[in-house]
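Undergrad: Read top to bottom, the protein sequences are chains Y and U. For the first sequence, our numbering begins at 197 and goes up steadily by one. For the second sequence, our numbering begins at 10 and goes up steadily by one. Cβ atoms here follow ideal geometry from the backbone N, Cα and C, with glycine treated the same way. A quick note: this is a predicted structure, and the numbers were derived from the prediction, not measured.
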Amino acid sequence: MAGRYKSDLKWSDVTPRADYLNRRTLMAGAAAGAIASVAPRQTSAQTEELVPNTWEEITSYNNFYEFGTGKDDPKNNAGQMTTDPWSIVVDGLVERPGTYDFADILAGKDIEERIYRLRCVEAWSMVVPWNGFELKDLLDQVGVQPSAKYVAFETLVRPEEMPGVRFPVLEWPYREGLRLDEAMHPLTIMATGLYGEPMPNQNGAPIRLVVPWKYGFKSIKSIVRMTLTEEEPPTSWNMSQPNEYGFYSNVNPTVDHPRWSQATERRIGGGLFSRRIPTLMFNGYEEEVADLYAGMDLTKFF
Amino acid sequence: MALVTAINGWARRVPKWLLYLLAVAPVVWVFWAGATGVLGVEPIKEIEHRLGLWGLQVLIASLCITPLRTYAGLNLLKFRRPLGLIGFFYILLHLLVWLILDVGIISEIWKDIVKRPYITIGMVGFVLLLPLALTSNDWAIRKMGAAGWRRLHKLAYPAVILGGVHYVMLVKGWQIEPILYLGGIAALLAMRLKWRKRQPAPGAA
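As structure tokens, this is what we get:
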């Protein structure tokens, strides 16, 4: 079911298509009037700040270690990934396990626009106009057994198309997971595109998870497997460095990463003199998701 | 060893000031590239990381001078001071970019230095380089005496080790490149240990 979460505006309200492709040129023009005419005045504070990053920013600054650890590696290397045909193996505690073709997954889903903040654990952030559907719709499609408590995901591993998996930076395949109530939350989506275009490979084509109140690495890309489990599934960064990356990894300015502060972030796209901005609790989605963690010690379950 | 002779002859003719001049060019370029979008959409981190890496690379190059002379007979000694100063200059800029452009909030800077081990380690490395940069001139050598000056400049070894550790610690996961740098530093220092053992112990002669 679509529409449980309503963003007050669509990307098309914010940035005309011709401009999002080339905001830099616009900025270089440095005409405040020109910018004001592009971004109509918003009424509420929430929408005011949600001006999406440009297409170029979103597709050229990525963490997708299967293609290399450099921020521009995914853009340079992900083009060779075959995304058609694509299917997702659904197994574990589900009523209808099987291999679901990409078309089967899309069947009957409402593709919505969701403009979300994306906060990377490395303390940078973007605003991304995703297109996708709620993960709950897919879970309903495959039928979740009552004993299931978690959802686990895996990313494609294909060494001949993914130069980064030659190095054991992480244990491949990349793995992520959510508690079932997090997975069922209306903010949690499976994204298939951005800016109304099919998902670029470097952003996790053809289908990826987006959980906007968690650090970006939870939003696993290029998903080939979804498993319903009773136990908390192992997740890649937690397996690699358990003291630095927890299972939950909710955006939380009061719980620092052991090696750096999470109190502030830099919004990508501000250029050489861009200042850090305060990081918001649950990445600004506190109102929507805080209930999920009522009574939990978030410094312990980081 | 015609090649060694040729390089030694070439090294004699290349003036030191040329190195200083060449060292400024990438700095001008990196800030220009950051300001014009050539470095991508997050220029601050990119400039910071490049300056830090260049600093480490140049300091590692300065550590190569002695083993190159010992094992290959190359005499590049005249370039050791320029390399040390250029490395320090890059590290200083790396620190300034972090302080001013990256963090920019005084309270956060101090918290980072005391709370983040990799930043603490980087800062200690920088502090160790300070007296070396300040005494990298003939006047200081005369004033301190050659032996004392040489002893002080052994601080370059721990400083470069700390720089390599700083790099290994700041990346996510176990990435190959920083580990190779640290391995290279360890190898360059290990070569010195061997070389020192071959020398007669003081007083043995």
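Which ranges would you report for the alpha helix (DSSP H) in the stretch 284-357 of chain Y if only whole runs of at least 4 residues count?
TA: 298-302, 331-338
Undergrad: Return the residues of the stretch 109-123 of chain U that lie within a Cβ-Cβ distance of less than 9 Å from chain Y, sorted by chain order.
TA: Leu110, Asp111, Val112, Gly113, Ile114, Glu117, Lys120, Asp121
Undergrad: Determine, for Lys410(Y), whether the minimum Cβ-Cβ distance to residues of chain U falls below 8 Å.
TA: no
Undergrad: If you follow the alpha helix (DSSP H) that Val174(U) is in, where does it begin and where does it stop?
TA: 165-179
Undergrad: For Thr388(Y), which three-state DSSP category applies?
TA: Here DSSP, grouped into helix, strand and coil, assigns Thr388(Y) to strand.
Undergrad: Give the range of the beta strand (DSSP E) segment to which Val406(Y) is assigned.
TA: For Val406(Y), the enclosing beta strand (DSSP E) stretches over residues 404-406.
Undergrad: Comparing alpha-carbon positions, which option in Val180(U), Leu104(U), Lys87(U) lies nearest Trp26(U)?
TA: Lys87(U)
Undergrad: Under three-state DSSP, which class holds Lys417(Y)?
TA: coil
Undergrad: What do you reckon, is the C-beta of Pro140(U) under 7 Å from a heavy atom of the ligand NAD?
TA: The model on display carries no ligand, and the ligand NAD is accordingly not part of it.
Undergrad: For the alpha helix (DSSP H) holding Thr79(U), just list the boundary residues, first then last.
TA: 52-81
Undergrad: Run through DSSP, which three-state label would Pro140(U) get?
TA: In this structure, Pro140(U) counts as helix in the three-state DSSP scheme.
Undergrad: Considering only DSSP beta bridges, list what Trp19(U) is partnered with.
TA: Paired residues: none, contrary to the question.
Undergrad: Distance check for Gly480(Y) and Leu246(Y), CA to CA, integer angstroms please.
TA: 11 Å
Undergrad: So Thr384(Y) packs on Met395(Y), CB below 8 Å; how close in whole Å?
TA: Not a contact, Cβ separation roughly 17 Å.
Undergrad: Does Lys267(Y) have its Cβ less than 8 Å from a Cβ in chain U?
TA: yes
Undergrad: Determine the chain Y residues that contact Tyr176(U) at a beta-carbon separation under 7 Å, and present them in chain order.
TA: By Cβ distance, chain Y contributes nothing, its closest Cβ being about 13 Å from Tyr176(U), past 7 Å.
Undergrad: Would you mind giving the Cβ-Cβ distance between Met477(Y) and Pro449(Y), rounded to the nearest angstrom? I have them listed as a contact below 8 Å.
TA: 6 Å
Undergrad: Whose CA, out of Ile403(Y), Pro430(Y), Glu309(Y), lies closest to the CA of Ser418(Y)?
TA: Ile403(Y)
Undergrad: Any Cβ of chain U within less than 8 Å of the Cβ of Phe363(Y)?
TA: yes
Undergrad: Is it true that the CB of Met322(Y) sits closer than 8 Å to the CB of Ile464(Y)?
TA: yes
Undergrad: May I ask you to list, following chain order, the residues of the stretch 183-203 of chain U that have a beta carbon less than 9 Å from some beta carbon of chain Y?
TA: Trp183, Gln184, Ile185, Glu186: these are the residues of the stretch 183-203 of chain U whose beta carbon lies less than 9 Å from some beta carbon of chain Y, given in chain order.
Undergrad: Residues of the stretch 40-56 of chain U with a CB closer than 7 Å to any CB of chain Y: list them in chain order, please.
TA: Gly43, Ala44, Gly46, Gly49, Val50, Glu51, Pro52, Ile53
Undergrad: Does Arg89(U) come within less than 8 Å of chain Y when only Cβ atoms are used?
TA: no
Undergrad: Check whether the Cβ atoms of Glu350(Y) and Pro369(Y) sit closer than 8 Å, and answer yes or no.
TA: Yes, these two residues count as a Cβ contact at 8 Å.
Undergrad: Can you tell which of Val451(Y), Leu468(Y), Gly467(Y) has its C-alpha closest to the C-alpha of Thr460(Y)?
TA: Across the set Val451(Y), Leu468(Y), Gly467(Y), the C-alpha of Val451(Y) shows the shortest separation from the C-alpha of Thr460(Y).
Undergrad: Quick one: list the residues of chain U neighbouring Arg471(Y), beta-carbon separation under 8 Å, in chain order.
TA: Gly113, listed in chain order.
Undergrad: Please confirm if Tyr99(U) has its CB atom under 8 Å from at least one CB of chain Y.
TA: no
Undergrad: For Thr278(Y), I'd like the list of residues in its chain whose CB is within less than 8 Å of its CB, leaving aside the five on either flank, ordered along the chain.
TA: Arg354, Glu357
Undergrad: Does the beta carbon of Ser321(Y) sit closer than 8 Å to a beta carbon anywhere in chain U?
TA: For Ser321(Y), the nearest beta carbon of chain U is not closer than 8 Å to its own beta carbon.
Undergrad: Hey, out of Lys181(U), Pro52(U), Leu77(U), whose CA is closest to Leu468(Y)'s CA?
TA: Pro52(U)
Undergrad: Reducing DSSP to helix, strand and coil, say where Lys410(Y) ends up.
TA: strand
Undergrad: If you draw a straight line from the C-alpha of Val112(U) to the C-alpha of Asp280(Y), how long is it?
TA: 43 Å
Undergrad: Going by Cα to Cα distance, which pick from Tyr99(U), Trp158(U), Arg22(U), Ala44(U) is closest to Val33(U)?
TA: Tyr99(U)
Undergrad: As a quick exercise: from Gln341(Y), Thr431(Y), Pro364(Y), Glu378(Y), pick the residue whose alpha carbon is nearest that of Thr265(Y).
TA: The candidate whose alpha carbon is nearest that of Thr265(Y) is Pro364(Y).
Undergrad: Assuming Gly373(Y) is part of the beta strand (DSSP E), what are its boundary residues?
TA: 371-375
Undergrad: Three-state secondary structure (DSSP) at Ile109(U)?
TA: Assignment of Ile109(U) by DSSP, reduced to helix, strand and coil, places it in the helix class.
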